[in-house]
Amino acid sequence: MPGESPNDRNDRAIRVASQWYQNHLGATLQVLLITNDRENKRKASEEGIAAETVESYVRSLGRLELLDLIVQPREEDINMDDVEDPRPSKKKVIYNEHKRMSEITSGLERGLYYQGKLRVNRYNPFEAYVGSESIGDEIIVYGRANMNRAFDGDVVVVEILPREQWQEEKSLAIADDVDDEEEDIHLVPNSADDAPRVSDLGKNSASEVDDVASRPSGRVVGIIKRNWHSYCGSLEPMPLPAGSAGVAHALFISKDRRIPKIRIQTRQLGNLLDKRIIVAVDSWDVLSRYPSGHYVRTIGEIGDRDTETEVVLIENDIDARPFSAQVLACLPPLPWSVSSEDLANPIRQDLRHLRVFSVDPPGCKDIDDALHCTPLPSGNFEVGVHIADVTNFVHPGTPLDQEASQRGTSVYLVERRIDMLPKPLTEDVCSLRADVERLAFSVIWEMTPEAEIISTRYTKSVIKSCASLSYVEAQARMDDSRLVDPVTTDLRNMNALSKIMRQRRIERGALTLASAEVKFQIDTETHDPLDIGMYQIREANQMVEEFMLAANISVAEKILNHYPTCSLLRRHPIPTKEMLEPLIRTAASVGIELDTTSSKALADSLDRAVGTDPYLNKLIRILATRCMTQAVYFCSGDLSPPEFCHYGLATPLYTHFTSPIRRYADVIVHRLLAASMGICKLPEVFYSKGELTNVAENLNYRHRNAQMASRASVELHTVIFFRKNPTDTEARILKIRNNGFIVFVPKYGIEGPVHLTSRGDKSGEWLADENEQRIKKSDGTASYGILQTVRVHLEVVEPQPNRPVLQLTLI
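Numbering (my numbering), first residue to last: 13 to 823.
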């Protein structure tokens, strides 16, 4: 109609439909139009249509608990008379209104505004980053006011603040559990691995704000796309309002610190206070300090391991649901075995005569790689890496393929594994177990005794593994000089070759970094942790790793040669000077000079970083790991060849080929390799660069979330263990802060803060010296320096109700 908006036209269409149904059904039923739109409801009543708001309709059902599940409507949409317990109207405007879309579009075109995804610092909810291709770096957004009601993951439009308002670097304190109002406290990431970086958006930047010179600061002026979803956490009770008839306002606190508190109304406050619950966000008014939301469901009791594990999965967007009937229908009939057709297939080579074996972690059931090493008459060796032929069973476009594509990776928690593919495939049909024939995709080299590659060939194959060894078993065989059986001899030959390959890689500039991997001993019945310690890396681990790296590099070269614009590769961006600055400063404070001009220079200077302290080198390498960017998947058509390089491995090309059972990236690479050999056609996804880019971005997202979930699972089990086992132990200082320091506990592989002062405590002032990397008491009675050994007490405390944390206290 003339002058009618699209929204009004849609409302009119709904009223016409309601009237039509009422006329059609006559007196047998009453048609009810449910709407929260005030004007639509008024017009419906005028036209003789029964109309109610969602809330008044749900209340008429007589089940008050359902009222908790209603989306809280925006105030302008409803009559406040319809709302039980309306909020006070005397409110001041807290946030700026978002700009109109026409203004945003014009501002973007004129370069006044920049668009990008908002990433909130995982350890400091008052600091966020927006990547912007147009200025080649990221814009920092400080404080809730400048974030202007944007959530982590929202696509936002930002305006650069005048240069005099750009934030200079701040002196950082160790994070406390802070309140939403306390924006004066500036928190820090305790792992640079997790600090939001522009590399998440395809660029490099500095990892920690305290080590960065001033960078562009901005404020959010509009939100293009919301990233609201459901959040896990618990309630902070608020006083019951007078005359509320059982309705309580409460603030919901998400487990994810990046999410602001959310105001909800509930009639079940008493039942929910000790529970982990899920809440959804509905709106965020300019008049409200907090967003409004509603209760969705209860997960379980706070502190219960199963409840907290489910929270970890939900918070990291990990799909742990059973596989659907459609997915399971794609699996081959069981029991499955290699058929005569498989053996007769001309594309598949019969390698059952080879002495193939696998080396994996103890208890591994999803074995996706195996090896062989045969001496040749020439004195050279034939060395093979055999990878489970997953793509023989996972075909493009099937429900099984779509599910694997979405999941992206298997997720390893402390006490369970969430598979990318159904168990019949991961543990039986594809798993390269001992003494059964299995289909594989093989990379086979001829190598000299000096580990020089003479030739490389790729083939689909049939293998029969003769042994499934654990790392410990393989190491024990190699170390026992009495053993001279064929498998042990093969292991020793491969180990000798791998050492030469590793040394050559290191000479090229590959970094030998270190990380604090924690290993739990789990009770098989209760699944509670019985013991905790650092994961041990043996020569056998390094041997397997070396040949997997070589296979990945060989396959990367092969697929890129055939498909220069649509190969899926993996790159590790070069860290910027700013990112390496904290490492250089820390090393300098203990008299070690690090050269970071190239990966080779850094690798060499890390090798020289030794002293009388035997643990010093490992600590320096752990700190170096924290300064690195994240390795990412990418489509080769999106970048130029110099940007393909993998900094940490010092190789110009790299991809993932060796774990298709647990990584979807490897499934894609298997298809590329098969197509490059003429075995099959290239699937449709490879013909669209944009689609392959989206696949790569999803893989990066899923991979990062799986890492976060694994770490959160470790943290959860660490709390469970130390709740029953408080202990005293040695720790090493990793970072100095102005109210304490961050320590690493070698025995348990744990990192955490040690406070020297409580918040607000001004007695016995401590002074932090950033250059010297020391913190001293003002009266000179005590002083602590970087990498120093201290003794700490570890115990679980609850500084806030229902929020247990592992507390480290200086002894």
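Glycine included, C-beta positions come from ideal geometry on N, C-alpha and C.
Computed from a predicted model, the values in this text were never measured in an experiment.
- For residue 348, no pairing in a beta bridge is given by DSSP.
- Judged by their CB atoms, residue 740 and residue 682 are not nearer to each other than the 8 angstroms cut-off.
- Straight across, the Cα-Cα distance linking residue 369 with residue 498 is about 11 angstroms.
- For residue 567, the secondary structure class from DSSP, reduced to helix, strand or coil, is helix.
- Within the segment 636-720, the complete alpha helix (DSSP H) runs of at least 4 residues fall at 676-688.
- One thing to note: residue 581 has its Cβ within 8 angstroms of the Cβ of residue 646.
- By the beta-carbon neighbour count (other beta carbons within 10 angstroms, threshold 16), residue 491 is exposed.
- Within the segment 306-349, the complete alpha helix (DSSP H) segments of 4 residues or longer fall at 317-327 and 337-340, listed in chain order.
- In this chain, the alpha helix (DSSP H) harbouring residue 490 covers 483-491.
- A straight line joining the alpha-carbon of residue 778 with that of residue 736 spans about 33 angstroms.
- If you look at residue 617, you'll find it in the alpha helix (DSSP H) that goes 611-620.
- The continuous stretches of beta strand (DSSP E) do not include residue 592, which lies in the alpha helix (DSSP H) extending over residues 589-601.
- Residue pairing by DSSP places residue 437 opposite no residue, since no beta bridge is assigned to it.
- By the 16-neighbour rule on beta-carbons within 10 angstroms, residue 396 is buried.
- Rounded to the nearest angstrom, the gap between the Cα atoms of residue 821 and residue 412 is 50 angstroms.
- In terms of Cβ geometry, residue 452 and residue 398 form a close pair [threshold 8 angstroms].
- The three-state secondary structure of residue 455, taken from DSSP, is strand.
- Residue burial annotation: residue 558 is buried, with at least 16 other C-beta atoms found within 10 angstroms of its C-beta.
- Counting only the Cα atoms, residue 626 lies some 40 angstroms from residue 466.
- With contacts defined as CB atoms closer than 8 angstroms, residue 234 and residue 266 fail to qualify as a contacting pair.
- A direct Cα-Cα distance of roughly 11 angstroms separates residue 449 from residue 400.
- Taking residue 472 as reference, the option from 46, 493 and 687 with the minimal CA-CA separation is 687.
- Here residue 785 is buried. Its C-beta has 16 or more other C-beta atoms within 10 Å.
- For a cut-off of 8 angstroms, the C-beta gap from residue 168 to residue 130 is around 5 angstroms, short enough to register as a contact.
- Taking each of 112, 420 and 502 in turn and checking the Cα distance to residue 715, the smallest one comes out for 420.
- By the beta-carbon neighbour count (other beta carbons within 10 angstroms, threshold 16), residue 352 is exposed.
- Residue environment: residue 382 is assigned as buried (16 or more neighbouring CB atoms within 10 Å of its CB, all protein chains considered).
- Taking 8 angstroms as the cut-off, the beta carbon of residue 391 is found closer than this to the beta carbon of residue 461.
- Residue 270 has its alpha-carbon roughly 28 angstroms from the corresponding atom of residue 117.
- DSSP assignment within the segment 383-408 yields the following whole beta strand (DSSP E) runs of 3 residues or more, N-terminal first: 393-400.
- If the five residues before and after residue 657 are omitted, its C-beta is found closer than 6 angstroms to the C-beta atoms of 664, all from its own chain and listed in chain order.
- Annotated three-state conformation of residue 744 is strand, per DSSP.
- Here residue 62 carries a strand assignment [DSSP, helix/strand/coil].
- Taken in chain order, the complete alpha helix (DSSP H) segments of 4 or more residues contained in the segment 118-169 are 155-159.
- Taking 8 angstroms as the cut-off, the beta carbon of residue 378 is found closer than this to the beta carbon of residue 439.
- Residue 174 has its alpha-carbon roughly 24 angstroms from the corresponding atom of residue 163.
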